[in-house]
Structure formats: C-alpha cells, structure tokens
Amino acid sequence: MSSDTLRSDYRLVSDMVRPGTRVLDVGCGDGELLAHLARDKQVDARGIEISRGGVAACVAKGLAVIQGDADTDLADYPDDCFDYVILSQTIQATRNPKTVLEQMLRIGRNAIVSFPNFGHWRIRTHLMFNGRMPVTENLPDSWYDTPNIHFCTIRDFVALADALQARIVRADALDAAGKPVGVKMPWWFWNMMGEQGIFWLARQRDRT
Amino acid sequence: MSQRHHEADDPHSLVLRLGADQPLVLESGASLAPFQIAYQTYGTLNAARTNAILICHALTGDQHVANVHPVTGKAGWWISMVGPGKPIDTERFFVICANVIGGCMGSSGPASTNPETGEAFATGFPVLTISDMVRAQARLVDHLGIETLLAVVGGSMGGMQVLAWASLFPDRVFAAMPIASAAKHSAQNIAFHEVGRQAVMADPDWRRGRYQEEGARPVKGLAVARMAAHITYLSEPALQRKFGRKLQDREAPTFSFDADFQVESYLRHQGISFVERFDANSYLYLTRAMDYFDLAADNGGSLGAAFRNTRTRFCLVSFTSDWLFPTADSRQIVHALNAAGASVSFVEIESDKGHDAFLLEEPNLFATTRGFLNAAATARGVSGEAA
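These protein sequences, in sequence, are chains C and W. Under this note's numbering, residues 28 to 235 are what the first sequence spells out, in order. Under this note's numbering, residues 183 to 569 are what the second sequence spells out, in order.
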C-alpha cells in the first residue's frame with residue numbers, strides 16, 4: 028500500500044518515525060501501520076496485539092507480533108529497547124493509561140500516542156443537549172459495552188504528559204475528515220476542533 | 183527377532199550411519215560411536231539449499247511425519263500440517279524429520295544392538311539430553327549439505343529441541359517455531375514422567391531392562407505409563423465432551439473392575455496400541471531427557487542468555503487448555519527473547535483439546551504456521567516453488 032491510501036493518522040505517525048529505527052506498536056491490530064513502517068521506513072518492526080485474529084494477520088505479513096496486553100506486558104521489556112513506542116487509538120482502552128505511558132517512555136526513547144479527543148465540540152454538544160454519554164460515528168459503543176474506559180481530551184493528555192515530565196516534541200490534531208487542524212492555533216482551539224490528537228513525546232532527560 | 187528390534191537396527195527409512203571415527207560426545211560426558219540416525223525427507227532441496235525445514239518430533243513421535251507408518255500402517259503423525267499445499271508445504275520446502283537418538287524407530291537408542299555385545303543396549307545406553315538429540319540432528323543436517331535451516335519446527339519435546347537448536351546453533355536456524363513447549367520441564371511434568379517410568383520398571387517383564395534378550399516385553403507397565411501420560415495430553419472439557427460418564431457397550435455398571443466407562447476403554451486401547459510400536463526402554467530414556475531440559479540453567483541461570491544476539495526469528499504458539507505446557511511457559515520464553523532483542527511472535531490459540539491440540543485439526547495453528555514460514559521464506563529469498 029502506498030502512503031496515499033494509508034489512514035491519515037497513520038500517515039502522521041509514520042512521518043514522525045525516523046527510517047531504520049526500532050519500533051514497537053502497542054495494539055497494532057492487523058499490522059497495517061507496522062507493515063507500512065517496515066516497508067517504507069525499513070524499521071525493525073515489533074508489535075503487541077490483544078486479539079488472536081490480529082496477531083495471526085500480523086504473523087502472516089511476516090511481522091514479529093506478540094499476543095499481549097498493553098496494561099500488563101510492557102513491563103517485561105528492558106529499558107531503552109526501542110526508538111519509538113507507538114500507541115494508536117488504544118490509550119483510552121487501557122486500565123491504567125498513566126502506567127502504560129510511563130512504560131512506553133521507559134522502554135522507548137520516544138512515545139507516539141494517538142487518541143480520540145473527548146473534548147471535540149461534537150461530543151461536548153452531544154453531552155450538553157442530550158445529557159447522555161456521546162455515541163458518534165467514530166465512537167459507536169454505548170457506555171456500558173465500550174472498551175474505551177478512559178477517555179480524555181487533548182488538554183487532559185497534555186496535563187498527563189506534564190505530570191510524567193515528558194517533553195512534547197510534536198503535537199497534531201486531526202478534524203473529522205482526517206485533516207490537520209491549523210498548526211498555529213492554541214490548545215483550546217485544538218481541544219474543540221480536533222477529533223483526534225496525535226502526540227510525539229520524549230523523555231525530559233533525553234533533551235538534546 | 184521382533185519387529186521392534188528390526189526397526190531399531192534396520193528401519194524403513196533413510197539412515198545416516200556415523201562410524202567409530204565420528205563419535206557424538208554427549209552432555210553426560212559419555213561418547214556415542216558408532217551411531218545412526220534414521221530420517222525421512224519430503225520435497226526437494228533447492229539449488230541454493232535455503233528451503234530446508236527440520237521438524238522435531240515429540241516424545242512418542244518419530245520420523246514418519248507424512249508417510250504411512252511402517253509398523254502401525256497408519257498415516258503420518260502430522261499429515262494435516264505437512265504435505266503438498268499444507269502449511270508446511272512440501273512443494274515449496276524440503277522437509278526433514280529424524281528419529282531422535284534414544285528413540286526406537288531406527289536412530290541409535292536402547293533398543294539398538296550394541297555391536298560390542300551383539301545384544302540390545304538396554305539400560306547400558308548412555309543417558310541423553312535434548313541437546314544431545316539436537317547435536318545428532320546437526321550431524322544429519324551437515325550430511326545433507328545444509329548450512330542454515332530455513333526453519334526448525336516442533337511441538338512439546340519437539341519444541342524443546344527447537345529451542346535447543348536456536349540456542350546451540352543460532353547461525354544455522356533462520357526461523358524457529360516451538361509449539362506447546364517450555365524452556366524447562368516443570369516439577370509437575372517430571373513427576374508425571376516418574377510415574378510412567380516406575381510403571382515400566384515395576385513390570386516383572388521389564389527384567390531390569392533386559393527384556394529383549396530374555397524374550398519378554400513389559401507391555402503392561404508401558405501401557406499403564408501411556409495411559410497416565412495420555413490423560414495429561416487431554417483436557418477435562420475434552421474428556422467430558424468425548425466420554426462424559428458414558429458406559430462402554432452396556433446399559434448399567436457391572437459392579438466389577440471391567441472397563442465399564444468409555445473413558446476407561448479408551449485409555450486401555452491407547453495403552454495397548456502404544457506398546458505395539460514403542461520400546462519401553464526408549465520411553466525411559468526420552469522422558470529422562472525431557473526432565474533434564476532447562477535452557478536457563480544451561481546458560482548461567484538466564485534464559486535471555488540462551489538467545490543473546492540471536493538473529494533467528496521466532497514464533498511461539500500455546501493452547502488455552504494445555505495444562506502440561508501452559509501458556510505461561512511460552513510467555514516466559516517470549517519475555518526472554520524480548521529481553522534479548524530477538525524477533526519474536528507469539529499467539530495463544532483457543533482450544534479445549536489440551537496439549538494434544540498441536541497434533542490436531544487447528545485452523546488457527548495452520549494459518550499461523552503457514553504465515554510465519556512463508557514470511558520467513560520470503561525474507562530469506564526462497565522462491566515460491568522448490569527448484
């Protein structure tokens with residue numbers, strides 16, 4: 028697949044990854060992003076995926092993927108064994124997002140996290156006018172059967188990054204069409220207009 | 183001479199015979215020479231010699247992976263996995279499987295004739311380890327002119343051999359696939375093996391191992407050993423589904439010790455058919471080799487050290503209902519491989535069939551195996567079809 032047909036958030040994540048590096052994709056699904064990174068960026072691609080079907084699809088693509096859980100299995104990796112640890116559209120489904128992010132920044136020098144922004148205006152208005160947990164096209168599950176147990180907004184995520192003393196190397200917000208929301212805009216605008224946030228974090232102590 | 187003896191010395195297989203000048207030095211310090219390795223091959227080795235896959239068999243398996251068994255007349259033990267168009271595709275790959283040393287299907291073992299005495303080695307055969315089996319297989323791979331195997335694949339004791347291959351000969355293993363296996367034999371598993379060995383040795387017909395010379399066979403002891411072991415290869419749900427409390431060809435219990443229940447009848451059949459094809463002393467030696475297996479202990483206590491700097495790509499598989507080699511055992515290996523920075527895939531397959539699942543029709547196992555091996559072949563530049 029060429030990068031033209033790659034999902035827009037994957038394309039943004041891919042742009043952040045330096046070629047020839049070691050990458051771990053946590054919650055890698057069927058391996059679409061990993062396969063792209065392995066082919067187009069020549070990275071040493073590894074993955075963790077909770078679903079057996081996803082792992083099987085990855086193995087069939089020749090990817091090195093382990094059936095596992097972001098909440099429990101990141102602890103098994105040694106420090107600094109990856110250049111990038113990617114968590115796309117998964118942090119809101121983890122039991123302990125803070126620990127997951129800490130682990131990512133321990134085992135990788137960089138962490139790239141994409142997540143649905145619960146501060147998006149559509150969600151705010153849904154809650155305000157309906158008084159019920161928002162169900163949208165991108166977040167179709169009802170509150171009682173959603174795997175997404177830890178929603179956050181873009182500003183919440185910035186606060187978590189600060190609490191972990193992580194440095195935000197780059198941040199992007201994508202609108203509903205997958206287009207970047209104006210780069211010069213302040214956080215409050217992103218938090219309102221971004222349907223998802225994509226953050227590249229690094230450890231403070233690695234500042235160069 | 184019995185069929186058994188004939189098969190042990192002069193098998194219905196290809197045989198590599200290594201002379202007194204090529205001894206195999208064993209982990210115990212003993213030395214095996216001369217010795218022989220019985221093996222089967224399927225498919226064609228390509229000109230670049232890059233498409234060879236070695237299959238390592240389990241405790242009671244043998245080299246007859248995908249052909250009719252010369253003793254039982256039954257189909258090969260992995261016929262669903264190995265063959266033309268199968269996950270281990272013999273149209274693309276050159277597949278090798280050797281009887282392990284210590285076995286009784288033509289590789290040197292306790293049932294083989296000791297050339298110095300003209301009698302079976304019996305318990306005079308040196309005690310073996312998994313590494314010894316692998317070093318013997320490496321001689322065969324040398325003989326076939328193959329420097330690096332595309333893959334080494336095996337389940338259970340075969341998986342132990344895969345791990346030992348990757349640890350002892352990392353540069354000769356491009357890809358490794360240990361299925362339903364472990365880096366060490368657990369205390370519980372050693373305990374089960376000891377029950378089996380004691381059953382064999384308690385049989386008066388075992389004759390301190392010299393049954394062949396004395397014209398006896400410890401069939402009752404070996405059958406009991408097999409019955410006990412067979413339970414460990416299944417799962418409670420599988421036994422329940424297959425037999426439940428159903429009675430065998432009768433309407434009511436007989437108030438006797440006859441095989442009233444179907445599960446009893448089944449186990450008795452398993453025991454009896456096993457002794458037809460297997461040597462009791464081999465059973466002692468091979469279970470012992472598994473007991474001794476502890477890859478971390480062999481590497482200064484660190485499993486990661488067993489795979490340091492490895493470039494082999496690994497794929498591990500476990501089954502949810504396998505309580506003999508549970509998923510935790512596979513995960514321990516995965517953790518060690520991660521710590522060593524190795525390329526590793528791992529999948530736990532949902533199955534209620536217990537440890538034996540790796541030998542059965544498991545579409546997810548087939549898909550994973552096919553995908554992993556084809557990806558390895560592509561990475562190594564093996565063309566779509568054997569030359």
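Think of the CB as a built atom: it goes at the ideal place given N, C-alpha and C, for glycine as much as any other residue.
Measure the Cβ-Cβ separation of residue i and residue j and say whether it is below 8 Å.
{"i": "Met359 of chain W", "j": "Cys497 of chain W", "result": "yes"}
{"i": "Val355 of chain W", "j": "Thr494 of chain W", "result": "yes"}
{"i": "Ala280 of chain W", "j": "Ile261 of chain W", "result": "no"}
{"i": "Gly340 of chain W", "j": "Cys238 of chain W", "result": "yes"}
{"i": "Ser210 of chain W", "j": "Val335 of chain W", "result": "no"}
{"i": "Trp75 of chain C", "j": "Ala91 of chain C", "result": "Note on residue identity: the sequence assigns Ile, not Trp, to residue 75 of chain C. The answer is no: Cβ separation not under 8 Å."}
{"i": "Phe501 of chain W", "j": "Ser533 of chain W", "result": "yes"}
{"i": "Ser195 of chain W", "j": "Gln222 of chain W", "result": "yes"}
{"i": "Lys450 of chain W", "j": "Ala441 of chain W", "result": "Here the sequence assigns Arg to residue 450 of chain W, which means Lys is not the residue at that position. For Arg450 of chain W and Ala441 of chain W, yes; Cβs fall inside 8 Å."}
{"i": "Phe443 of chain W", "j": "Leu429 of chain W", "result": "yes"}
{"i": "Ala364 of chain W", "j": "Phe528 of chain W", "result": "no"}
{"i": "Ser349 of chain W", "j": "Phe475 of chain W", "result": "no"}
{"i": "Ala434 of chain W", "j": "Gly486 of chain W", "result": "no"}
{"i": "Asn228 of chain W", "j": "Val445 of chain W", "result": "no"}
{"i": "Ile195 of chain C", "j": "Ala188 of chain C", "result": "yes"}
{"i": "Trp148 of chain C", "j": "Met220 of chain C", "result": "yes"}
{"i": "Gly536 of chain W", "j": "Ser512 of chain W", "result": "no"}
{"i": "Ala145 of chain W", "j": "Gly291 of chain W", "result": "Since the first residue of chain W shown is 183 and the last is 569, residue 145 of chain W is not available in this structure."}
{"i": "Phe548 of chain W", "j": "Ser338 of chain W", "result": "no"}
For residue i, report the span of its alpha helix (DSSP H) as first-last.
{"i": "Gln319 of chain W", "result": "Ile312 to His325"}
{"i": "Pro124 of chain C", "result": "Pro124 to Ile134"}
{"i": "Gln514 of chain W", "result": "Thr509 to Ala521"}
{"i": "Gly306 of chain W", "result": "Where Gly306 of chain W is concerned, there is no enclosing alpha helix (DSSP H), given that its DSSP letter is neither H nor E."}
{"i": "Ala434 of chain W", "result": "Careful: Ala434 of chain W lies outside any alpha helix (DSSP H) and carries neither H nor E."}
{"i": "Leu547 of chain W", "result": "Pro545 to Ala561"}
Go ahead and label residue i buried or exposed: buried means 16 or more other beta carbons lie within 10 angstroms of its beta carbon, across all protein chains shown.
{"i": "Leu466 of chain W", "result": "buried"}
{"i": "Pro193 of chain W", "result": "buried"}
{"i": "Asp36 of chain C", "result": "buried"}
{"i": "Gly135 of chain C", "result": "buried"}
{"i": "Asp203 of chain W", "result": "exposed"}
{"i": "Ser525 of chain W", "result": "buried"}
{"i": "Gly483 of chain W", "result": "exposed"}
{"i": "Lys424 of chain W", "result": "exposed"}
What does residue i pair with, by DSSP beta-bridge criteria?
{"i": "Gln218 of chain W", "result": "W:Arg199"}
{"i": "Asp271 of chain W", "result": "W:Gly265"}
{"i": "Gly536 of chain W", "result": "DSSP, once it has assigned bridges, lists no residue as partnering Gly536 of chain W."}
{"i": "Pro213 of chain C", "result": "DSSP lists no partner for Pro213 of chain C."}
{"i": "Met359 of chain W", "result": "W:Val335"}
{"i": "Asp71 of chain C", "result": "C:Arg49"}
{"i": "Trp227 of chain C", "result": "C:Ile139 and C:Arg197"}
{"i": "Gln94 of chain C", "result": "C:Glu76"}
{"i": "Cys179 of chain C", "result": "C:Asn144"}
Check the Cβ-Cβ distances between residue i and every residue of chain C, and say whether any is below 8 Å.
{"i": "His239 of chain W", "result": "no"}
{"i": "Val334 of chain W", "result": "no"}
{"i": "Asn520 of chain W", "result": "yes"}
{"i": "Thr492 of chain W", "result": "no"}
{"i": "Phe528 of chain W", "result": "yes"}
{"i": "Asn296 of chain W", "result": "no"}
{"i": "Thr560 of chain W", "result": "yes"}
{"i": "Thr550 of chain W", "result": "yes"}
Starting from residue i, trace the beta strand (DSSP E) both ways and give me its first and last residue.
{"i": "Arg66 of chain C", "result": "Not the beta strand (DSSP E): Arg66 of chain C falls in the alpha helix (DSSP H), residues Glu59 to Asp67."}
{"i": "Phe528 of chain W", "result": "Ser525 to Ile531"}
{"i": "Phe109 of chain C", "result": "Phe109 to Ser115"}
{"i": "Phe602 of chain W", "result": "This structure does not reach residue 602 of chain W, given that chain W is present from 183 up to 569, and the question cannot be answered."}
{"i": "Ala200 of chain C", "result": "Ala193 to Leu201"}
{"i": "Ser455 of chain W", "result": "Run containing Ser455 of chain W: none in the beta strand (DSSP E); it sits in the alpha helix (DSSP H), Gln444 to Arg459."}
{"i": "Ile237 of chain W", "result": "Ala234 to Cys238"}
{"i": "Arg495 of chain W", "result": "Arg495 to Phe501"}
Could one say the Cβ of residue i lies closer than 8 Å to chain W's Cβ atoms, at least one of them?
{"i": "Val86 of chain C", "result": "yes"}
{"i": "Ile93 of chain C", "result": "yes"}
{"i": "Asp172 of chain C", "result": "no"}
{"i": "Cys108 of chain C", "result": "yes"}
{"i": "Val208 of chain C", "result": "no"}
Under 8 Å between beta-carbons, which chain D residues line up against residue i? List them in chain order, please.
{"i": "Ala203 of chain C", "result": "Checking the listed chains, one finds no chain D in this structure; the protein chains it contains are C and W."}
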